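**Student:** In this note's numbering, the protein residues as written are 2 to 470. Don't be surprised by glycine CBs; every beta carbon is placed ideally from N, CA and C. Values in this document were obtained by computation on a predicted structure and should not be read as measured data. Sharing a structure below in structure tokens format, with a few things to ask.
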């Protein structure tokens, strides 16, 4: 019996090792970026007649814009989000979606098959939405333990599209971390862009985003919450009643924000756009977004300003960034500090790999504000602005679905520049030795000892699996 148990343990060990290998070995030799991504980035030079845009720097603005789009939708709504939290913000959006569905609007909600599923696990919110006759909920790449090579591929996009003519896109998920006011305990700094046009049109930014979503929806996603279990019926009906009452309250407290808005007056015209994205299929991806972003960096003549929550680069990404940084354009990067960032894993990776960036010919700043920074934006020269979901890390480059919207507009560029200057004013420049250049009025945050210890202890392990960070 002991011999059999020992043999069984060995077999289980071998099986586990093979299973882990099947999940991680494909990332040992990641592919190069596709040439079509470079062509796509250059498409920002093309005109987009009638498209207009503005930025949404605060969580309050982001929530109000989403509520406005949903409240005023006439025919269709699309909600794409990496996670959909069952919290105050999630229920506010759900209440608005149910009200839209009740008046006949067709609603589609897409979230990730792992992180999104976990956030709705045990909740009745998914059933309250998905079992409405005018709402369909789908998951991207639901967890399949029989296909370990696809477990790391996640849906990381965030947007809302209304009536194929207006959308909000950026880095914000549907949760209290992103759709609340500054000062909320969960608040994260982030950025969205709102793009509007008077009516739908082929060749518009909204048409491009909607076409991308339709393809992803039909080819890579599976329906969820299609039936209501008898044991949940009473609780789901009670939740729908609560959400109906919540929507009535929202109409009162957000009366101005949810009323029809003259978006033409609140937006600026754009002269061109490009939608950068990774391959949709689960598994190791060609770095389509990264290829497009680095193509834009190489074209810059004056400046390349970047905001990203963290920097987790492999040797190929490091070389791409270093080559762009060595060009004449001024390159600046704002990212989180170890003390201020809320991603322990990314901070642990930086213990050994931070010098990879500090040695480049660029100015690296670490944000010292009162909340973590989740923003993913780029500023190129005086006319190109980039918004979306892409972190400067290997996961965004090679594993996840990602979207970055490139906008050519001097007015939008000015808006984003003002925001970046405000964030940089709360940051400290990192010296080559890892210390800070002292700035008047900016104090370096102090990392709590427990957090610091956890980061240091985790750093050797994280370095072995940094492509999963």
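In this structure, how does DSSP classify residue 410 when only helix, strand and coil are distinguished?
**Tutor:** Coil.
**Student:** With which residues is residue 159 paired in a DSSP beta bridge?
**Tutor:** Answer is 82, bridged to residue 159.
**Student:** My guess is that residue 283 and residue 392 are in contact by the Cβ rule of under 8 Å, so how many angstroms apart are they, rounded?
**Tutor:** Incorrect: roughly 19 Å between the Cβ atoms, too far for contact.
**Student:** Span of the alpha helix (DSSP H) holding residue 271?
**Tutor:** Taken as a continuous stretch (DSSP letters only), residue 271 belongs to no alpha helix (DSSP H), as it is neither H nor E.
**Student:** Between the beta-carbon of residue 169 and the beta-carbon of residue 98, is there less than 9 Å?
**Tutor:** Against a cut-off of 9 Å, the Cβ pair of residue 98 and residue 169 comes out as no contact.
**Student:** Using DSSP's beta-bridge definition, name the partner residues of residue 224.
**Tutor:** Answer by DSSP bridge pairing, in chain order: 139.
**Student:** If we count the other Cβ atoms within 10 Å of its Cβ and call it buried at 16 or more, is residue 20 buried or exposed?
**Tutor:** Exposed.
**Student:** What are the start and end residues of each continuous beta strand (DSSP E) run of 3 or more residues lying completely inside the stretch 333-410, in chain order?
**Tutor:** Qualifying beta strand (DSSP E) stretches, in chain order: 364-368, 378-381, 385-389, 404-409.
**Student:** Starting from residue 119, trace the alpha helix (DSSP H) both ways and give me its first and last residue.
**Tutor:** Unbroken alpha helix (DSSP H) run through residue 119: 116-121.
**Student:** Residues in its own chain within less than 8 Å of residue 299 by CB, not counting five upstream and five downstream?
**Tutor:** Excluding positions up to five away in sequence, the list reads 324, 325, 328.
**Student:** Mind the definition here: the stretch 51-65 touches the stretch 179-196 only if three or more C-beta pairs lie below 8 Å; say whether that holds.
**Tutor:** Yes, since at least three Cβ pairs between the stretch 51-65 and the stretch 179-196 fall closer than 8 Å, the two stretches touch.
**Student:** Give me, in chain order, the residues of the same chain whose beta-carbon lies closer than 6 Å to that of residue 453; leave out the 5 immediate sequence neighbours on both sides.
**Tutor:** Once the five neighbours on either side are set aside, residue 453 has no close Cβ partner at all.
**Student:** Going by DSSP, name the residue or residues bridged to residue 56.
**Tutor:** The partner list for residue 56 (beta bridge, DSSP) reads 194.
**Student:** Rounded to whole angstroms, what is the Cα-Cα separation between residue 164 and residue 216?
**Tutor:** Residue 164 and residue 216: Cα-Cα distance of roughly 17 Å.
**Student:** Have a look at residue 488 and residue 466 and give me their C-alpha separation to the nearest angstrom.
**Tutor:** Residue 488 cannot be examined here, being either before or after the span of the chain that is shown, 2 to 470.
**Student:** Taking just the CA atoms, how far does residue 51 sit from residue 77?
**Tutor:** Residue 77 and residue 51: Cα-Cα distance of roughly 20 Å.
**Student:** Write down every uninterrupted run of the beta strand (DSSP E) in the stretch 418-455 whose length is 3 residues or greater and which is fully enclosed by it, in chain order.
**Tutor:** DSSP runs (the beta strand (DSSP E)) wholly in the stretch 418-455: 428-431.
**Student:** Going straight from the alpha carbon of residue 271 to that of residue 230, what length do you get?
**Tutor:** One C-alpha to the other measures close to 48 Å.
**Student:** Is the stretch 118-138 touching the stretch 274-292 in the sense that three or more CB pairs, one from each, lie closer than 8 Å?
**Tutor:** With the cut-off at 8 Å, the stretch 274-292 and the stretch 118-138 do not touch.
**Student:** What residue does the beta strand (DSSP E) around residue 308 start on, and which one ends it?
**Tutor:** Note, residue 308: beta strand (DSSP E), 304-308.
**Student:** Mind checking residue 92: buried by the 16 CB within 10 Å criterion, or exposed?
**Tutor:** Residue 92 should be labelled buried.
**Student:** Among the residues of its own chain, which have a CB less than 7 Å from the CB of residue 356, if the five just before and after it don't count?
**Tutor:** If we look at residue 356 and ignore the five residues flanking it on each side, it has no Cβ neighbours.
**Student:** Looking at C-alpha atoms only, which residue of 30, 448, 59, 68 is the closest neighbour of residue 257?
**Tutor:** Of 30, 448, 59, 68, the residue nearest in Cα terms is 68.
**Student:** So is residue 428 buried or exposed if we call it buried at 16+ other beta carbons inside 10 Å?
**Tutor:** That one is buried.
**Student:** Report the residue from 399, 420, 424 whose alpha carbon sits nearest the alpha carbon of residue 30.
**Tutor:** Ranking 399, 420, 424 by Cα distance to residue 30 puts 399 first.
**Student:** Are residue 94 and residue 116 closer than 9 Å when you measure CB to CB?
**Tutor:** Going by C-beta atoms, residue 94 is not nearer than 9 Å to residue 116.
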